[in-house]
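Student: Protein chains in written order, with the numbering used here: chain A, 167 to 376; chain B, 126 to 534. C-beta atoms are modelled at their ideal positions from N, C-alpha and C, and glycine is treated no differently. These figures come from a predicted structure and were not determined experimentally.
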Amino acid sequence: MDKRIYSVLLMLITLCIVIFSSCGQSKSDNIESSFMNLIVETVKENYEDGDISISDIEVEEIFCGTFSQNDVKEILVVCNILNQPHVAGLDKSVCILLAADSFEVESYKEFASDETVIKCMMAEDGLNRILVSEKTTYQGITSQDIQLFTIKDKQWVNTQIEALAELKEENFFLITDKSIIVTSKSNVTDVSDIVALLEWNPATGQFSWK
Amino acid sequence: MKRRILALVLSVALGSTFLCPSISARANEMDEVSGEQKKSLIYETDTITQYDYEEGFHNYAHPEATVDFVSELRSLSERELANVVGVVKDYNTDEMISGAVISANGDKVVVTGEDGRFQIKNIPSGTYDWQINVNEYAVANYNNYDVDSADGTTIFTFYVNRDKEVVRDREEIVHDDEDGQTVPPDTISMGNYMISANAKSMNSIPSVSDTVKVYYNDKTRSVNREEYIYTVLSSELYGTSYYEDKGLTSSQVSQLYKAQAIAANTFLEYAMSVYSNHSSYDVCSGTCCQVFDPAKVTEAAIDATADIFITQSSGKTVTKVVLYKPETSKYDYIWGAFFSSCKGNGTKKHSTQPALQAVSCTDIATGAGGHRYGLCQMGAAQRAKDGKTASSILLYYYTGCTVENCTLK
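See the structure below:
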């Protein structure tokens, strides 16, 4: 008798586990699916180069934090746009800023280059700054732009990196989580290629000389 | 199986927009090329013959190696459905492979015929991951390769290797330099290699080679010059629908394509005759030189290239190249530099290339930037929209130059 009760209890427990786990999975899948749909639809609606196929949109990175308003949780989604010709930038990226609680789209921005790197830097004012490096090569000659953005009133505002303004020559940049290494060549082969090191200063929300 | 394929292609179709007018009209080229030429390919390849081109690739493969989705997709318009043809080749021997199974996004679609060719008619425009399976060969994957009816027929060349898997991603072409797949790293690190190369002055218009040695996918391959140019054109510019969405007519797109084809031909000639960064081949296939991905070419690119490779009534074959003209009856090669967009800053004056002066420029849209020497591709698109011909576009960006017919040797 005891054995029968135990086996029935065991079956019930197993059944509950299966039901609860599958329910959780289904909810999670639904959230993920609707989130992806939102991202894809946002890119399709805003894409500056006209029509885009769903299969060409790939989520590359997701940053969580505060970007445009203090104490408001937001999500920055970086998508890679696939299947682009060289003229469009072979590593084209789209950034979408969403409110974390409602998934409402707050801001949209595109970056086009052959090699795009996007990093978020937290400042002491509680807001993230967004550092974007765009590197493009034609006929073996590489050019690179680096920009620091804040997001204000849903607009991406390019904040000049003051320390870089002091450098007159055309330079290249390697980006780490908290610093910019300024180099004289696009491919660094020797220490002498390093021109300067700039470090992120959370107090000022700027990069400063090391 | 066919239902699954239909579901696959429909799912792609539903994710795409198909308002891309077909490029069928050819521009009136009388100002650019004399009336003596005939519209034809100068060189046939085993992938693209004159017959294929003239017939619009309608009956490219044997019937048993052809699949047609039109009856299943009759709800879609002609403009939404693309024609895809191609071949499967042995990576080492270039031999055509029969019996190769072509899959798109995981579903088997067609098998190559005894001549190695296949054809997929009326497939919805969109991006596909292509996989090729052949007995005794490793699988080959060509990911993120799109087809667009606006570009006419899309022509694929898929390589399979007995020894190792072939993996090509349209997204990874630019990064070939990093993984050593296409561009040897030592060539990339040299950077501004063109700066010190001096031009060579000539008393007459030079003849040019009809064969190009190009380093692609770990191998040096000899391709005919015409094939090289239409392949570069297919990789460097947007498809025609992009420009038509920006308001260009099909004949204006044709002028833009032709300008880019001549610029690519001019860069190639500089690399072959004046200075190349490479010692054992003329050009590589990455951004070190010009992007060259033979896996996919488009009929629109072939059309534009056919306009700059001309058979004259005398039987002589010529191709158009930009030359610098410092004095009467003197010619110099120029570095046919081009880049994506100047972002409102105009082009830059080059320190040693007199043809590359600073000129103002308006981009039709923001592109990927670049070094700002020579032809601005987004600016060229705006000039084409303004009604400029290919020659006019080129001579705006290349100062003191002339577009000449160079005999192919």
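Which word fits L333(A), buried or exposed, when buried means at least 16 other C-beta atoms lie within 10 angstroms of its C-beta?
Tutor: By the 10 Å Cβ count, L333(A) comes out exposed.
Student: Chain B partners of T302(A), CB-CB under 7 Å?
Tutor: S465, A493, G494 and G495
Student: Could you tell me which of I341(A), A329(A) and N337(A) sits nearest to Q372(A), measuring between CA atoms?
Tutor: A329(A)
Student: What would DSSP say about N390(B), mapped onto helix, strand or coil?
Tutor: DSSP places N390(B) in helix when its eight states are reduced to three.
Student: Is any beta-carbon of chain B found at less than 8 Å from that of I317(A)?
Tutor: no
Student: In its own chain, which residues sit with a C-beta less than 7 Å from the C-beta of S159(B), not counting the 5 before and 5 after it?
Tutor: Confidence at S159(B) is low in this model, with a pLDDT of 42, below 50, so its placement is unreliable and the value that follows should be read with caution. Around S159(B): no qualifying Cβ.
Student: Can you tell which of I307(A), G216(A) and I247(A) has the C-alpha that lies nearest to the C-alpha of T282(A)?
Tutor: Nearest of I307(A), G216(A) and I247(A) to T282(A), Cα basis: I247(A).
Student: On the CB-based measure, 16 or more other CB atoms within 10 Å of its CB, does A152(B) come out buried or exposed?
Tutor: In this prediction, A152(B) scores a pLDDT of 33, lower than 50, which makes its location untrustworthy; no coordinate-derived value is stated.
Student: From this set, G255(A), I317(A), I307(A) and N353(A), which residue's C-alpha is nearest L297(A)'s C-alpha?
Tutor: I317(A)
Student: Please list, in chain order, all residues of the same chain as I459(B) whose beta carbon is under 8 Å from its beta carbon, the five residues on each side excluded.
Tutor: A324, T391, Y395, V447, L448, Y449, Q478, A480, L481, Y523 and C526
Student: Determine the chain A residues that contact N402(B) at a beta-carbon separation under 8 Å, and present them in chain order.
Tutor: G306
Student: Going by DSSP, which residues form a beta bridge with W460(B)?
Tutor: The partner list for W460(B) (beta bridge, DSSP) is empty, contrary to what the question assumes.
Student: What does a CB cutoff of less than 8 Å around T349(A) pick up in its chain, not counting 5 residues either side in sequence?
Tutor: N337, F338, F339, L340, D359, I360 and V361
Student: On the DSSP letters alone, give me the boundaries of the beta strand (DSSP E) that V292(B) sits inside.
Tutor: V291 to D294
Student: Thinking C-alpha only, which one of F281(B), V259(B) and T218(B) is nearest N268(B)?
Tutor: Comparing alpha-carbon positions, the option among F281(B), V259(B) and T218(B) lying closest to N268(B) turns out to be F281(B).
Student: Please report how far the alpha carbon of I241(A) lies from the alpha carbon of Y274(A), in whole angstroms.
Tutor: 12 Å
Student: For Y185(B), collect the residues of the same chain with a Cβ closer than 7 Å to its Cβ; drop the 5 residues on either side in sequence, then sort them by chain order.
Tutor: D177, V210, R242 and Q244
Student: Under 8 Å between beta-carbons, which chain B residues line up against L248(A)? List them in chain order, please.
Tutor: T252, N269, R295 and E296
Student: Could you work out which residues of chain B lie near A278(A), taking near to mean beta carbons separated by less than 7 Å?
Tutor: T491, G492 and A493
Student: Which residue from S334(B), V378(B), I387(B) and T374(B) puts its Cα closest to that of M397(B)?
Tutor: S334(B)
Student: By the DSSP assignment, the beta strand (DSSP E) with V272(B) in it spans what residues?
Tutor: A265 to V272
Student: Pull up the CB-CB distance for T444(B) and I433(B), whole angstroms please, since I reckon it's below 8 Å.
Tutor: 6 Å
Student: Please confirm if the stretch 248-267 of chain A is in contact with the stretch 486-496 of chain B, defined as three or more CB-CB distances below 8 Å between the two stretches.
Tutor: Because the criterion of three Cβ pairs below 8 Å is met, the stretch 248-267 of chain A and the stretch 486-496 of chain B touch.
Student: Can you tell me the Cα-Cα spacing of T302(A) and V292(B), whole angstroms?
Tutor: About 24 Å.
Student: With a threshold of 8 Å on Cβ separation, who are the neighbours of A263(B) within its own chain once the five nearest residues in sequence on each side are excluded?
Tutor: Here the set comprises V285, N286, R287, D288, K289, E290 and V291.
Student: Under DSSP, the beta strand (DSSP E) around K233(B) begins and ends at which residues?
Tutor: Where K233(B) is concerned, the enclosing beta strand (DSSP E) stretches over D232 to V236.
Student: Report yes if the C-beta distance between D215(B) and I222(B) is below 8 Å; otherwise report no.
Tutor: yes
Student: Distance, Cα to Cα, L500(B) vs V378(B)?
Tutor: 16 Å
Student: Can you find a CB in chain B that lies within less than 8 Å of the CB of E398(A)?
Tutor: Residue 398(A) lies beyond the stretch modelled for chain A, which goes from 167 to 376, so this question has no answer here.
Student: Check each residue of the stretch 362-383 of chain B: if its Cβ is closer than 7 Å to any Cβ of chain A, include it; give the result in chain order.
Tutor: Residues are counted here when their Cβ sits less than 7 Å from a Cβ of chain A; for the stretch 362-383 of chain B these are L362, Y363, Y367 and D370, given in chain order.
Student: For T355(A), count the other beta carbons within 10 Å of its own beta carbon; 16 or more makes it buried, fewer makes it exposed. Which is it?
Tutor: exposed
Student: Take E141(A) and list the residues in its own chain whose beta-carbon comes closer than 7 Å to its own, dropping the five residues that flank it on each side.
Tutor: No answer is possible for residue 141(A): the residues shown for chain A start at 167 and end at 376.
Student: Which residues in the same chain as G372(B) place their Cβ atom closer than 7 Å to its Cβ, once the five residues preceding and following it in sequence are excluded?
Tutor: Sequence-distant partners of G372(B) (beyond 5 residues in either direction) whose C-beta falls short of 7 Å from its own C-beta, in its chain, are K510.
Student: Please report the straight-line C-alpha distance between W366(A) and S352(A), rounded to a whole angstrom.
Tutor: 22 Å
Student: Using DSSP with H/G/I as helix, E/B as strand and the rest coil, what is D370(B)?
Tutor: If DSSP states are grouped into helix, strand and coil, D370(B) belongs with the helices.
Student: DSSP beta-bridge partners for D193(B)?
Tutor: K246(B)
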